[in-house]
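Numbering-wise (the numbering used here), the sequence shown opens with residue 10 and increments by one.
First comes the structure, then the notes that go with it.
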Amino acid sequence: MPEHSNPELPPLPYDYDALEPSISEQVATWHHDTHHQGYVNGLESAEETLAENRESGDFGGSPGAIRSVTHNGSGHYLHTLFWDNMSPDGGGEPSGELADRIEEDFGSYEGWKGEFKAAAGAAGGWALLAYDPVADQLRNLVVDKHDQGALWGSHPILALDVWEHSYYYDYGPDRGDFIEGFFEVVDWKNVAHQYEKALQH
Ligand code: MN
């Protein structure tokens, strides 16, 4: 059987209270330690099921486990990006090549931001800024759950989690206030780094 390292929950790259008041210590703790951990566990469990099924030759449960890999793996990867995209020193606007690219592909930063906020308001999961290497352009994506709305081949570089567990405790039903709070902590240096990595894929 091929050996793979088990998926692991990366620690938050800052203290649990570091993103206050945009994200409270309580929500960061639940969101990271319970929700994100749950996706890591679900991915590991699905991979174990697939390995057992290959061993036994009984593939009856494999399609369900493959769907679980997609759901939990997407949840794990997007949460990791979401945490990395934020910093207590965040906020402001992008600069350098990323800023130029946003202007080129969306007309202006405000044009991009308005579209991204509308995507975040409508999504049943995530709003993403992604680099699409086929068209060679940045695109906003509206994602339901963790994977419905994915564009094959595109690489997310900025992820905003708009599941209710992400904001309800802090903001109630006012998702728009949470989206504004997110922009106070977006780490544009990290987004630029994700963009550079996406260009190399
Ligand atoms: Mn979440």
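Beta carbons are placed, not taken as given, at the ideal position from N, Cα and C, and that holds for glycine.
The model shown is predicted, which means the values in this text are computed figures rather than measured ones.
{"Item": "CA-to-CA distance, L28 to Y86, given in whole angstroms", "Value": "20 Å"}
{"Item": "Ordered list of alpha helix (DSSP H) runs contained in the segment 28-64, each at least 4 residues", "Value": "34-38"}
{"Item": "Inside the segment 92-167 only - beta strand (DSSP E) runs reaching at least 3 residues", "Value": "134-141 and 146-153"}
{"Item": "Around ligand 1, Cβ to any heavy atom closer than 6 Å, ordered along the chain", "Value": "H40, H44, H88, D170, W172, H174 and S175"}
{"Item": "For L169, the residue or residues it bridges with in DSSP", "Value": "A136"}
{"Item": "Status (buried if at least 16 other CB within 10 Å, exposed otherwise) for H155", "Value": "buried"}
{"Item": "Nearest to L90 (by Cα), restricted to the options W161, L167 and G82", "Value": "L167"}
{"Item": "Residue nearest to N199 in terms of C-alpha spacing, selected from I32, Y48 and E106", "Value": "E106"}
{"Item": "Where the alpha helix (DSSP H) through F187 begins and ends", "Value": "R184 to V194"}
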